[in-house]
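Reading through the structure tokens given below for one structure.
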């Protein structure tokens with residue numbers, strides 16, 4: 050049994066919130082550079098250049114990449130041989146978010162009540178997903194997700210007899226409907242299977258995969274590439290102003306489901322894909 | 138075939154704009170033009186729109202309204218990161234504001250039909266700045282002042298003093314729409 054003090058979790062979450070928001074990950078930057086070399090639209094190229102330049106400025110000046118510094122979504126893999134001492138896990142995470150958003154000059158975008166809408170003032174609460182895993186470490190992944198792209202996400206309960214082509218159409222249609230609003234080029238997280246609630250989490254987890262990595266199952270990986278190619282033929286382009294770069298990646302995750310069900314969730318992520326992880 | 142399509146694209150025009158904006162300035166703008174704005178622009182988003190409706194807390198005549206709310210300002214900087222938010226959420230409020238005299242709105246994403254119709258009627262344009270270039274855009278802001286609703290926190294209304302603030306004309310005063318034109322041009 051390994052003991053980990055709660056403030057270590059706070060410190061880690063704080064750092065991850067700041068880092069995610071100011072330092073665009075190498076995989077996303079590489080995907081944007083690759084897209085720039087292929088983009089045919091002058092406006093599209095200009096936008097991709099601005100995005101790459103923005104990442105440099107944000108990193109240099111420790112400024113947020115995007116003013117929408119997002120909801121802090123925290124995925125925790127808690128080793129079952131870990132005992133957290135001197136505090137509680139959710140409190141430690143939220144304290145880390147609060148400190149990270151204050152000390153990192155990040156925007157506070159959470160409202161306490163979804164109807165009366167008063168800002169909580171420190172970007173808490175975080176959305177926390179905790180999973181118990183073997184071992185004596187804690188792995189923390191922070192995904193800070195903006196509202197614009199999140200608003201374009203959709204869940205649909207398909208019939209079990211539905212064909213993969215129908216699911217594919219649904220995914221592409223969701224990206225087309227999102228269009229310029231989701232800040233393309235987007236990353237498309239797809240969950241297939243599970244239940245109504247679980248499929249949304251699957252789609253979100255799919256976004257945690259590095260851009261350019263594919264599903265470990267060969268047929269799913271092939272499908273991801275095919276859907277990506279089709280999305281990039283829609284013409285939507287960077288910021289929806291026309292071009293060949295509409296998505297940087299399509300990531301599909303699957304899970305077993307009930308004989309009556311075939312849930313599909315599409316979680317759209319903007320190009321400012323901010324995700325960092327650490328192991329304690 | 139793809140190459141042929143690309144050849145048809147002429148380089149976009151670059152136009153400098155200074156505030157306040159008049160109808161003539163707006164009518165000269167065409168979807169696809171790139172503009173550099175200098176002068177004063179105002180920010181407002183969901184919560185502020187809900188409060189002020191058709192009566193903004195600034196003179197709307199010839200004004201530019203930017204749908205944005207920045208990150209907090211670091212010491213030594215004029216403002217935090219300040220990119221656009223989704224314009225369509227402000228659609229229900231926009232026709233009345235264009236009627237009141239606002240000439241340019243700036244945001245990201247499409248606008249609804251009522252907004253485009255009002256833009257044609259009142260000679261207004263809608264510009265976009267890429268979402269997610271917020272740190273770079275901050276470099277074009279010289280000064281930022283809260284002019285209303287400080288209690289809204291990040292959603293307070295700001296007056297920004299900008300220099301060569303870069304934007305792209307997405308929908309012009311004749312209804313020309315770069316979202317449609319661009320998508321059509323690059324669709325395979």
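Chains as they are written, first to last, in this note's numbering: chain B, 50 to 329; chain R, 138 to 325. Quick reminder that beta carbons are idealized off the backbone N, C-alpha and C, glycines included.
Specify, as a first and last residue, the run of the beta strand (DSSP E) that residue 178 (chain B) falls within. If you number the first chain from 1, residue 178 (chain B) lands on position 129. If you look at residue 178 (chain B), you'll find it in the beta strand (DSSP E) that goes 176-182.
Would you please state the rounded distance, in angstroms, between the beta carbons of residue 317 (chain B) and residue 255 (chain B)? I believe it to be under 8 Å. The residue labelled residue 317 (chain B) in the question sits at position 268 within the first chain. The residue labelled residue 255 (chain B) in the question sits at position 206 within the first chain. With a Cβ gap of about 11 Å, residue 317 (chain B) and residue 255 (chain B) do not count as contacting.
From the beta carbon of residue 316 (chain R), is the nearest beta carbon of chain B less than 8 Å away? On the second chain, residue 316 (chain R) is found 179 positions in, with the first residue counted as 1. At least one beta carbon of chain B lies nearer than 8 Å to the beta carbon of residue 316 (chain R).
I'd like the ranges of any beta strand (DSSP E) spanning at least 3 consecutive residues and lying wholly in the stretch 77-155 of chain B. If only complete runs of 3 or more residues are kept, the stretch 77-155 of chain B shows the beta strand (DSSP E) at 120-128 and 131-134, in order along the chain.
Can the beta-carbon of residue 224 (chain B) be found less than 8 Å from the beta-carbon of residue 203 (chain B)? Within the first chain, numbered from 1, the residue matching residue 224 (chain B) stands at position 175. Within the first chain, numbered from 1, the residue matching residue 203 (chain B) stands at position 154. The answer is no: Cβ separation not under 8 Å.
On the three-state DSSP scale, how would you describe residue 73 (chain B)? Walking along the first chain from the start, residue 73 (chain B) turns up at place 24. Coil, per DSSP.
Residues of chain B with CB under 9 Å from residue 251 (chain R), in chain order? For this step, residue 251 (chain R) is matched to residue 114 along the second chain. At a C-beta separation below 9 Å, residue 251 (chain R) has no neighbours in chain B, since its nearest C-beta there lies roughly 17 Å away.
Three-way DSSP call (helix, strand, coil) for residue 327 (chain B) in this model: Counting from 1 along the first chain, the entry for residue 327 (chain B) is found at position 278. Three-state DSSP puts residue 327 (chain B) in a strand.
C-beta atoms of residue 197 (chain R) and residue 237 (chain R) nearer than 8 Å: For the purposes of this step, residue 197 (chain R) is identified with residue 60 of the second chain, where counting begins at 1. For the purposes of this step, residue 237 (chain R) is identified with residue 100 of the second chain, where counting begins at 1. Against a cut-off of 8 Å, the Cβ pair of residue 237 (chain R) and residue 197 (chain R) comes out as a contact.
Taking the alpha carbon of residue 351 (chain R) as the reference point, which residue from R:150, R:214 and R:181 has its own alpha carbon closest? Given a span of 138 to 325 for chain R in the structure shown, any question on residue 351 (chain R) remains unanswerable.
Beta-carbon of residue 182 (chain R) versus every beta-carbon of chain B: anything under 8 Å? As a first step, residue 182 (chain R) is located in the second chain; it is residue number 45 there, counting from the start. No - not a single Cβ of chain B is within 8 Å of the one on residue 182 (chain R).
Residue nearest to residue 104 (chain B) in terms of C-alpha spacing, selected from B:96, B:114 and B:95: Position 55 of the first chain, counting from 1, holds the residue named residue 104 (chain B). Closest by alpha carbon: B:114.
Do you know offhand how far residue 53 (chain B)'s Cα is from residue 61 (chain B)'s? What you label residue 53 (chain B) is simply residue 4 of the first chain in a count that begins at 1. What you label residue 61 (chain B) is simply residue 12 of the first chain in a count that begins at 1. A straight-line Cα-Cα distance of about 12 Å links residue 53 (chain B) and residue 61 (chain B).
Terminal residues of the continuous alpha helix (DSSP H) containing residue 309 (chain B)? Translated into the one-based positions of the first chain, residue 309 (chain B) becomes position 260. Unbroken run through residue 309 (chain B): none, as it is neither H nor E.
Return helix, strand or coil for residue 290 (chain R), following the three-state DSSP convention. The residue you call residue 290 (chain R) lines up with position 153 of the second chain. DSSP, read as helix, strand or coil, puts residue 290 (chain R) in helix.
Curious, which full-length alpha helix (DSSP H) runs of at least 4 residues does the stretch 170-244 of chain B contain? Whole alpha helix (DSSP H) segments, 4+ residues: 196-199 and 213-227.
Contacts of residue 111 (chain R) in chain B (Cβ-Cβ under 7 Å): The structure shown does not extend to residue 111 (chain R), since chain R is modelled only from 138 through 325, so no value can be given for it.
Quick one: give me the first and last residue of the alpha helix (DSSP H) that residue 315 (chain R) is part of. Taking the second chain and counting its residues from 1, one reaches residue 315 (chain R) at position 178. Per DSSP, the unbroken alpha helix (DSSP H) holding residue 315 (chain R) starts and ends at 315-323.
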